[in-house]
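Asks: The structure's right below; bear with me while I get my questions together.
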Amino acid sequence: MTAFIASLIFVVLAEMGDKTQLLAMAFACRFRWQTVMWGVLVATAANHIMAAAAGSYLTMIVPLEAIKIAAAVSFILFGLWTIRGDKLSGEDQRYQFSPFWTVTVAFFMAEMGDKTQLATISLAVEYQAIITVWMGTTLGMMVSNAFGIVVGIVMGKKIPERIIKWGAALIFIGFGAVGLYENLPNTILTPVVMTAGALIIILMIFLVVRWNNKKLTLASIRECQDGIDQNRREN
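Here it is as C-alpha cells:
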C-alpha cells in the first residue's frame, strides 16, 4: 500500500464520527458549506504538514525500529479511541472571527492532539514520506468532512456511526497488530506472548465498550430524572 493511499484511507476512517467531523457539521449549520470546507482545508494543511514533519524528524533522534513499534502500538490505541468516540465541548462556539477564520482557527485547535493528527505522525514514521503522507491525510480529512456535511446536514440522514466506527477501529487495531508482528524481535514473539497480547487487546476493547455503555446508561438516567423534575415543576 503506497503512502498516499494508506494515509488517505486511514484518515477517512479515523475521521468518521471524530470530534473534528462533528465540528465541521456544526459549522455547516451556521455558515456556507463552501466557507466551512475552505476553513477545514487550510487548517488541516497547516496542522498536518507539522505533524508529518514531526513524524519524519523523530527518526533522526530515535531508532527507527523503536519508533515503528511505538507507531504500531499507537494504531491499536487509535482503534480503541475510535470505539470510544468523541463529542464536541463547545469548540464551535469558542471563537468569534469572520466565518472563514472562525472555522479555520477552531478546526486547527481541535485537531491538536486529535487522533487524526497523531495518525499523521505515525504514518509519516511508517512511510518516511512527508509530502505524500501530508497530501493523503489532508485529502482524507476533506473527503470525510465533506461526506459528514452532505450526509449529516444537507441530506438530513444519519451516518451509520456504529458500523463505520467498528470497521475503522478493527482496521486500526489490525494494522497495529501487524506492525508489532513485523517489528518486534523474534525472541519476543513467542506463541505465549502473542496469545497474551491478543487477549489484552480483546480485554481493552471489552472495557472501552462497557465504559461507553455505562456512559449511555448514566445519560439516560439523568434524562429521565430531568423529565421527572420538569413534570414536578409543571404540576
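Note that my numbering has the sequence shown beginning at 26, numbered continuously upward. No residue lacks a Cβ here, since even glycine has one placed at the ideal position from N, Cα and C.
Quick one: Cα of Leu47 to Cα of Gly222, how far?
Replies: Walking along the sequence shown from the start, residue 47 turns up at place 22. Walking along the sequence shown from the start, residue 222 turns up at place 197. So the two alpha carbons sit approximately 33 Å from each other.
Asks: Which whole runs of the beta strand (DSSP E) in the segment 63 to 91 are 3 residues long or more, in chain order?
Replies: None, since the segment 63 to 91 contains no complete beta strand (DSSP E) of that length.
Asks: Would you tell me roughly how many angstroms separate the C-alpha atoms of Ala194 and Thr157, rounded to the nearest one?
Replies: Position 169 of the sequence shown, counted from the first residue, corresponds to residue 194. Position 132 of the sequence shown, counted from the first residue, corresponds to residue 157. Spanning the two alpha carbons is a distance of roughly 24 Å.
Asks: Cutting at 6 Å between CB atoms, please list the residues of its own chain near Ala28, excluding the five before and the five after it.
Replies: Indexing the sequence shown from 1 puts residue 28 at position 3. Cβ within range, chain order: Tyr152, Ala154, Thr157, Val158.
Asks: If you draw a straight line from the C-alpha of Phe122 to the C-alpha of Arg187, how long is it?
Replies: In the sequence shown, counting from the first residue as 1, residue 122 sits at position 97. In the sequence shown, counting from the first residue as 1, residue 187 sits at position 162. Near 35 Å, if we compare the C-alpha coordinates of Arg187 and Phe122.
Asks: What did DSSP end up calling Thr145 once you bin it into helix, strand or coil?
Replies: On the sequence shown, residue 145 is found 120 positions in, with the first residue counted as 1. Thr145 falls in the helix class under three-state DSSP.
Asks: Could you say which of Ile94, Glu40, Val128, Ile74 lies nearest to Ala53 if we only look at CA atoms?
Replies: On the sequence shown, residue 53 is found 28 positions in, with the first residue counted as 1. The option with the nearest alpha carbon to Ala53 is Val128.
Asks: Given that a residue counts as buried once 16 or more other Cβ atoms are within 10 Å of its Cβ, and exposed if not, what is Thr60?
Replies: Within the sequence shown, numbered from 1, the residue matching residue 60 stands at position 35. Buried, by the Cβ-count rule.
Asks: Could you please give the first and the last residue of the uninterrupted alpha helix (DSSP H) stretch that includes Gln46?
Replies: The count along the sequence shown starts at 1 and reaches residue 46 at position 21. Note, Gln46: alpha helix (DSSP H), 44 to 53.
Asks: Give a yes or no on whether the C-beta atoms belonging to Phe132 and Val65 are separated by under 7 Å.
Replies: On the sequence shown, position 107 is the one that residue 132 refers to. On the sequence shown, position 40 is the one that residue 65 refers to. Yes, the Cβ-Cβ distance between Phe132 and Val65 is below 7 Å.
Asks: Could you tell me the alpha carbon to alpha carbon distance between Met41 and Lys190, rounded to whole angstroms?
Replies: In the sequence shown, counting from the first residue as 1, residue 41 sits at position 16. In the sequence shown, counting from the first residue as 1, residue 190 sits at position 165. Whole-angstrom Cα-Cα distance: 7 Å.
Asks: Excluding five sequence neighbours on each side, which residues of the same chain lie with their C-beta closer than 8 Å to the C-beta of Val203?
Replies: Looking up residue 203 in the sequence shown gives position 178. If we look at Val203 and ignore the five residues flanking it on each side, its Cβ neighbours are Ala97.
Asks: Could you name the residues of the same chain whose beta carbon sits closer than 6 Å to that of Ala31, not counting the 5 residues immediately before and after it, in chain order?
Replies: Looking up residue 31 in the sequence shown gives position 6. Here the set comprises nothing.
Asks: Cβ atoms of Phe125 and Leu200: under 7 Å apart, would you say?
Replies: Here residue 200 refers to the residue found at position 175 when the sequence shown is read from its first residue. Here residue 125 refers to the residue found at position 100 when the sequence shown is read from its first residue. The displayed chain sequence assigns Phe, not Leu, to residue 200. No, the Cβ-Cβ distance between Phe200 and Phe125 is not below 7 Å.
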